[in-house]
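A.B. asks: Could you have a look at this structure, given as structure tokens, before my questions?
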Ligand SMILES: *[C@@H]1O[C@H](CO)[C@@H](O)[C@H](O)[C@H]1NC(C)=O
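Residue numbers (mature numbering (1 follows the signal peptide of the UniProt record, and there is no 0)): -18 to -1, 1 to 89.
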């Protein structure tokens, strides 16, 4: 009985560590601009060697394609906020940020 409890505690500890590693996974999106507090979607390691870059549920074969998706998602969220009347935001500013985001990814 005591042995079983110890195993359970060790298993829970292992799961917690796995979760911490997952949450702290490196983000390959280097652009830090965030109009309206909206950051570009993180680009994470998908775990698939053939399509290693993940942006939310989509995976990509190379970083530049992933950067485009990440910057597009930031633009869409920014434009939605601007159209929704968020103070200080405009779709023109969102569009200019998107250009900067794409350029940062291409560099
Ligand atoms: C990246 O992948 C896209 C398709 O997903 C392709 O069109 C593009 O040419 C690739 N770019 C490079 C630099 O390999």
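Virtual Cβ for every residue (Gly too), placed ideally from N, Cα, C.
Using only alpha-carbon positions, find the residue among 24, 51, 31 that is nearest to residue 80.
C.D. replies: The count along the chain shown starts at 1 and reaches residue 80 at position 98. That would be 51, whose Cα lies nearest to the Cα of residue 80.
A.B. asks: I need the straight-line Cα distance from residue 45 to residue 35, nearest angstrom please.
C.D. replies: Walking along the chain shown from the start, residue 45 turns up at place 63. Walking along the chain shown from the start, residue 35 turns up at place 53. Those two C-alpha atoms are separated by around 6 Å.
A.B. asks: DSSP on residue 54, reduced to helix/strand/coil?
C.D. replies: Here residue 54 refers to the residue found at position 72 of the chain shown. Residue 54: helix per DSSP, three-state reduction.
A.B. asks: Using C-beta distances below 6 Å, list every residue in its chain close to residue 58, excluding the 5 sequence neighbours before and after it, in chain order.
C.D. replies: In the chain shown, residue 58 corresponds to position 76, counting from 1. For residue 58, same chain residues with a beta-carbon under 6 Å away, outside a window of 5 residues either side, do not exist.
A.B. asks: Rounding to the nearest angstrom, what Cα-Cα distance links residue 30 and residue 8 in this structure?
C.D. replies: Position 48 of the chain shown, counting from 1, holds the residue named residue 30. Position 26 of the chain shown, counting from 1, holds the residue named residue 8. Whole-angstrom Cα-Cα distance: 15 Å.
A.B. asks: Measuring from the CB of residue 49, is there a heavy atom of ligand 1 at a distance below 7 Å?
C.D. replies: Looking up residue 49 in the chain shown gives position 67. No, Cβ of residue 49 sits at least 7 Å from all heavy atoms of ligand 1.
A.B. asks: Measuring CB to CB, does residue 20 end up less than 8 Å from residue 49?
C.D. replies: Translated into positions along the chain shown, residue 20 becomes position 38. Translated into positions along the chain shown, residue 49 becomes position 67. Going by C-beta atoms, residue 20 is not nearer than 8 Å to residue 49.
A.B. asks: Please say whether residue 15 and residue 68 have beta carbons closer to each other than 8 Å?
C.D. replies: Numbered from 1 along the chain shown, position 86 holds the residue referred to as residue 68. Numbered from 1 along the chain shown, position 33 holds the residue referred to as residue 15. No, they are not a contact pair.
A.B. asks: For residue 74 and residue 32, I'd like the C-alpha separation in whole angstroms.
C.D. replies: By 1-based counting over the chain shown, the position of residue 74 is 92. By 1-based counting over the chain shown, the position of residue 32 is 50. So the alpha carbons of these two residues sit roughly 36 Å apart.
A.B. asks: Ligand 1 and residue 42: does the residue's C-beta get closer than 7 Å to at least one heavy atom of that ligand?
C.D. replies: One-based indexing of the chain shown puts residue 42 at position 60. Yes, ligand 1 has a heavy atom inside 7 Å of this Cβ.
A.B. asks: Can you tell me whether DSSP reads residue 49 as helix, strand or coil?
C.D. replies: In the chain shown, the residue the question calls residue 49 occupies position 67. Here residue 49 sits in helix by DSSP.
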